[in-house]
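Residue numbers (our numbering): 66 to 290. Notes for the one structure printed next.
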Amino acid sequence: MLRQLVLFSLGASHALLLSQAACTQCAAARAAASPSMKVFDWKVRGQEPPALEELTLSNLVAAPGSNQRGKRKGRGISAGQGASCGFGYRGQKSRSGRSVRPGFEGGQIPLYRRLPKFVGRPTGIGHTKTEYTVIKINALNCMEENSEVDFAALFERRAVSKSKLSINKIVGSDEPLAVKGLTVKAHAFTESARAQIEELGGKCVELSQTTHKPLGEEEPVEAAE
Numbered sequence: 066m067l068r069q070l071v072l073f074s075l076g077a078s079h080a081l082l083l084s085q086a087a088c089t090q091c092a093a094a095r096a097a098a099s100p101s102m103k104v105f106d107w108k109v110r111g112q113e114p115p116a117l118e119e120l121t122l123s124n125l126v127a128a129p130g131s132n133q134r135g136k137r138k139g140r141g142i143s144a145g146q147g148a149s150c151g152f153g154y155r156g157q158k159s160r161s162g163r164s165v166r167p168g169f170e171g172g173q174i175p176l177y178r179r180l181p182k183f184v185g186r187p188t189g190i191g192h193t194k195t196e197y198t199v200i201k202i203n204a205l206n207c208m209e210e211n212s213e214v215d216f217a218a219l220f221e222r223r224a225v226s227k228s229k230l231s232i233n234k235i236v237g238s239d240e241p242l243a244v245k246g247l248t249v250k251a252h253a254f255t256e257s258a259r260a261q262i263e264e265l266g267g268k269c270v271e272l273s274q275t276t277h278k279p280l281g282e283e284e285p286v287e288a289a290e
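Here's what the structure looks like:
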């Protein structure tokens, strides 16, 4: 009897060892297999994408699934968007019409009121302001008489500093203009600055804010055929 029990226990342990070895071999085989991805879309299954050199408007198609039909809401429960049309059953946002006005944040101070406001800097849609690099008229006193003046000439003489704005404006100052016969090129002039320049025999040439060329001398835009 004892001999039979010993033989039975040895057979069970041997079977356990064999099953463990088989599981180890299966796991190793799964790990050694290269990863692969199945394409479940029947529209592209078995079709190779066209080469980039051969891609033209004739064989250019949208990716399958990228273009979907618009949802038909309110057309029955079976359609999926029939009862509440995806807006729920209760609450302000489920009612017809516009529920919340733009900018409303539920009663707390909205963003457009939390942000600081600066004098001379309008904010919001539809508010625009043209910002110029201001050049005082006394900066023109460093130029020679009967010469041509623009921002580049003044910057070369270090009468003005570098600016991130591309357009400039000549304004008056406490110190009057003393140089005669200047041809001043700028994008805008104040009335007092223009009067001082022309009083001393000078000329004010107003430049375009887009082409930076004298007004009236821009090249005509050709009409598209």
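We put the CB at the ideal spot given by N, CA and C, even for glycine.
- Bounds of the beta strand (DSSP E) holding A251 are 248–251.
- The C-alpha of C150 lies about 9 Å from the C-alpha of R137.
- Contact between A253 and Y197 holds: their C-beta atoms lie close to 6 Å from each other, under 8 Å.
- V236 places its beta carbon less than 8 Å from that of K201.
- By alpha-carbon distance to L242, the top candidate from N206, N233, V184, R163 is N206.
- In this structure, DSSP gives E113 a state outside helix and strand, which the three-state scheme calls coil.
- Three or more pairs of CB atoms, one per stretch, sit closer than 8 Å, so the region 244–252 contacts the region 265–282.
- Rounded to whole angstroms, the Cβ separation of Y177 and G168 is 6 Å, and the two are in contact under 8 Å.
- By the C-beta density criterion, I262 is buried, having at least 16 other C-beta atoms within 10 angstroms.
- Here C269 carries a strand assignment [DSSP, helix/strand/coil].
- One Cα belongs to R134, the other to G141, and the distance between them is close to 17 Å.
- In its own chain, leaving out the 5 sequence neighbours on each side, no residue places its CB closer than 6 Å to the CB of E264.
- Taking the Cβ atoms as the reference, E210 lies roughly 5 Å from K245, within the contact range of under 8 Å.
- N132 sits exposed, since fewer than 16 C-beta atoms from the chains shown fall within 10 Å of its C-beta.
- In this structure, K182 lies near T188, with their beta-carbon atoms less than 8 Å apart.
- If you check the CB distance, F216 and N203 do not come in under 8 Å.
- Across the structure, F220 and S231 are spaced so that their CA atoms are roughly 13 Å apart.
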